[in-house]
Amino acid sequence: MAASGKTNLTTPIIILVVLVVAAWFAFKPSGDSAGTGEGGGTASGGDSALLVDVDRDAINRLDITKPDGDSFSLLKQDDSWFALIDGEQYLADDMRTSTLLDMLPELKQEAMMSDKPEHHPTFELNDDQAYKLSVYAGGSDPKLTLLVGKSTENMKGCFVRMAGEDPVYRASANLRTSLGYSFSDYRSKQLWAYDPLLATSVTITPVTEDGAFTGEPMSFTKDGELWKLASDGSNGNQNDLKEIVEKFAALRIQSFVDDTSELPLEQYNPEATPCLVVEANGKSYSLSIDGREEGNIVISDTDGRVYKTNRSNLGFLLEQDFSQLSFYEEPVADEAAEGDVLGEDAGSDDAAAGDAAGDGEAGE
3 MAASGKTNLT
13 TPIIILVVLV
23 VAAWFAFKPS
33 GDSAGTGEGG
43 GTASGGDSAL
53 LVDVDRDAIN
63 RLDITKPDGD
73 SFSLLKQDDS
83 WFALIDGEQY
93 LADDMRTSTL
103 LDMLPELKQE
113 AMMSDKPEHH
123 PTFELNDDQA
133 YKLSVYAGGS
143 DPKLTLLVGK
153 STENMKGCFV
163 RMAGEDPVYR
173 ASANLRTSLG
183 YSFSDYRSKQ
193 LWAYDPLLAT
203 SVTITPVTED
213 GAFTGEPMSF
223 TKDGELWKLA
233 SDGSNGNQND
243 LKEIVEKFAA
253 LRIQSFVDDT
263 SELPLEQYNP
273 EATPCLVVEA
283 NGKSYSLSID
293 GREEGNIVIS
303 DTDGRVYKTN
313 RSNLGFLLEQ
323 DFSQLSFYEE
333 PVADEAAEGD
343 VLGEDAGSDD
353 AAAGDAAGDG
363 EAGE
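Reading the sequence shown from the start, the letters are residues 3 to 366 in this note's numbering.
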């Protein structure tokens with residue numbers, strides 16, 4: 003009977019253990035989590051695998067396809083990057099292109115979020131929501147193609163998967179932000195990519211912001227380190243010409259005018275004569291001013307592409323004192339010298355007359 007008075011703890015302990023185990027299974031991290039929180043997914047460990055195993059300098063082309071099907075490319079030629087669309091090539095924006103390129107070699111998979119295709123829409127990684135990025139490192143085939151989905155909650159990363167594969171990973175950088183920019187955003191607003199030190203000739207014509215010429219063109223060529231007037235070889239204004247070449251090389255625009263039919267006739271003249279032409283490194287760079295539009299100036303370049311820029315960007319041209327570009331002056335007769343010559347001639351005549359008179363008197 004005494005034994006029956008003792009408390010039997012076996013059953014409560016068993017029940018407690020069962021509850022703990024059940025709770026652990028209910029709340030343990032899942033390797034197939036479709037949630038998009040920062041802590042979801044299965045961590046890749048201390049050494050996260052690289053998603054893009056390519057050196058930055060080896061990358062020579064990026065193909066970007068938007069969810070709506072629009073696509074464009076970024077292409078490296080020599081040391082410059084260009085933006086390509088519909089067969090047209092433009093200088094690429096250096097900062098945006100560099101930002102995207104810098105992310106790729108360091109892009110790692112921090113965690114696998116899911117390996118089930120039915121979870122792709124959760125991460126915006128189904129075909130009609132994802133951005134597509136193909137990375138080339140030489141050759142005609144891409145090194146890899148990534149599908150890029152939504153950004154992570156803290157905007158520091160994004161969700162990606164390899165094209166043709168189901169696993170979804172949380173990536174270490176936010177590619178989605180860079181791929182979200184439009185083609186126009188990737189076009190450089192600096193028109194040229196030439197080194198002003200390589201300029202060999204300049205032809206410049208006085209012009210107003212309406213595009214009207216107010217004087218004759220002046221041409222200069224580089225002779226060693228000196229700019230000289232092409233017509234006679236006299237020295238040009240070295241400081242002003244150097245500034246013109248440098249500011250022309252750095253000329254920026256405000257916006258692109260891809261459809262010139264939007265402009266009134268007085269604001270766009272496809273036959274306009276360039277007001278500034280610079281030859282550099284074997285290439286010609288020219289600028290025409292077409293007219294004014296709502297506070298901007300409409301300009302066109304060597305290839306006939308049209309842009310809008312502001313007056314301050316063209317100040318080096320519109321405010322130039324053309325009378326100071328050359329030190330050459332037409333020869334002007336010196337009045338004092340002329341007077342001396344005339345005086346000498348007159349004195350000689352008088353002396354000759356006096357001599358003649360003296361001879362006459364002597365004869366008498």
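Ideal placement from N, C-alpha and C gives every residue a C-beta, glycine not left out.
Determine the closest residue to residue 248 out of 276, 204 and 220, with distance taken between C-alpha atoms.
If we check each option's Cα against that of residue 248, 204 comes out closest.
Can you say whether residue 305 is buried or exposed, counting buried as having 16 or more other CB atoms within 10 angstroms of its CB?
Its Cβ having fewer than 16 others within 10 Å, residue 305 is exposed.
Using alpha carbons as the reference points, say which of 212, 67, 104 and 103 lies closest to residue 87.
Ranking 212, 67, 104 and 103 by Cα distance to residue 87 puts 67 first.
Quick check on this structure: which residue in 310, 228 and 254 has the alpha carbon closest to the alpha carbon of residue 260?
Per the Cα distances, 310.
Other residues of its chain near residue 283: CB distance less than 8 angstroms, five sequence neighbours each side excluded:
If we look at residue 283 and ignore the five residues flanking it on each side, its Cβ neighbours are 196, 197 and 200.
What's the gap between the Cα of residue 188 and the Cα of residue 320?
Residue 188 and residue 320 have their C-alpha atoms spaced approximately 29 angstroms apart.
Please report the Cβ distance between residue 180 and residue 105, rounded to the nearest whole angstrom; I am assuming they are in contact, meaning their Cβ atoms lie under 8 angstroms.
The pair is a contact, with the Cβ atoms about 7 angstroms apart (cut-off 8 angstroms).
State the DSSP-derived secondary structure class of residue 214, mapped to helix, strand or coil.
Annotated three-state conformation of residue 214 is coil, per DSSP.
Go through its chain and collect everything with a Cβ distance to residue 231's Cβ below 8 angstroms, but skip five positions before and after it.
Closer than 8 angstroms at Cβ, skipping near neighbours: 220, 221, 222, 237, 238, 328 and 330.
Is residue 115 closer than 8 angstroms to residue 170 when the C-beta atoms are compared?
Yes, the Cβ-Cβ distance between residue 170 and residue 115 is below 8 angstroms.
For residue 75, decide whether its Cβ has a neighbour in chain B, counting only Cβ atoms nearer than 8 angstroms.
Within the model displayed, chain B is absent; a lone protein chain is all it includes.
Work out the CA separation of residue 122 and residue 13 for me, nearest whole Å.
Inter-residue distance for residue 13 and residue 122 is about 46 angstroms (C-alpha atoms, whole angstroms).
For residue 13, which of helix, strand or coil comes out of DSSP?
Residue 13: helix per DSSP, three-state reduction.
If we count the other Cβ atoms within 10 Å of its Cβ and call it buried at 16 or more, is residue 215 buried or exposed?
Its Cβ having fewer than 16 others within 10 Å, residue 215 is exposed.
Using the Cα positions of residue 212 and residue 312, report the straight-line distance between them to the nearest angstrom.
Each residue's Cα considered, the two are about 12 angstroms apart.
Go through its chain and collect everything with a Cβ distance to residue 153's Cβ below 6 angstroms, but skip five positions before and after it.
If we look at residue 153 and ignore the five residues flanking it on each side, its Cβ neighbours are 160, 176 and 178.
Express the C-alpha separation of residue 50 and residue 78 in angstroms, rounding to a whole number.
So the two alpha carbons sit approximately 29 angstroms from each other.
Which residues in the same chain as residue 206 place their Cβ atom closer than 6 angstroms to its Cβ, once the five residues preceding and following it in sequence are excluded?
The beta carbon of residue 206 is closer than 6 angstroms to those of 220 and 278 in its chain, skipping five residues each way along the sequence.
Tell me the DSSP secondary structure of residue 156 in three-state form.
DSSP, read as helix, strand or coil, puts residue 156 in coil.
Check for me: the alpha helix (DSSP H) holding residue 240 runs from which residue to which?
Element bounds for residue 240: 240-251.
Per DSSP, what are the beta-bridge partners of residue 370 in this structure?
The chain is shown only over 3 to 366; residue 370 falls outside these bounds and no answer can be derived.
In three-state terms, what does DSSP make of residue 270?
Residue state, collapsed to three classes: coil.
Spatial neighbours of residue 48 in its chain, beta-carbon cut-off 6 angstroms, leaving aside the 5 residues before and after
Annotation note: pLDDT 44 at residue 48 (below 50); position unreliable, coordinate value reported separately. If the five residues before and after residue 48 are omitted, its C-beta is found closer than 6 angstroms to no C-beta atom of its own chain.
Out of 262, 57, 134 and 194, state which residue places its alpha-carbon closest to the alpha-carbon of residue 165.
For residue 165, the closest C-alpha among the options 262, 57, 134 and 194 is that of 134.
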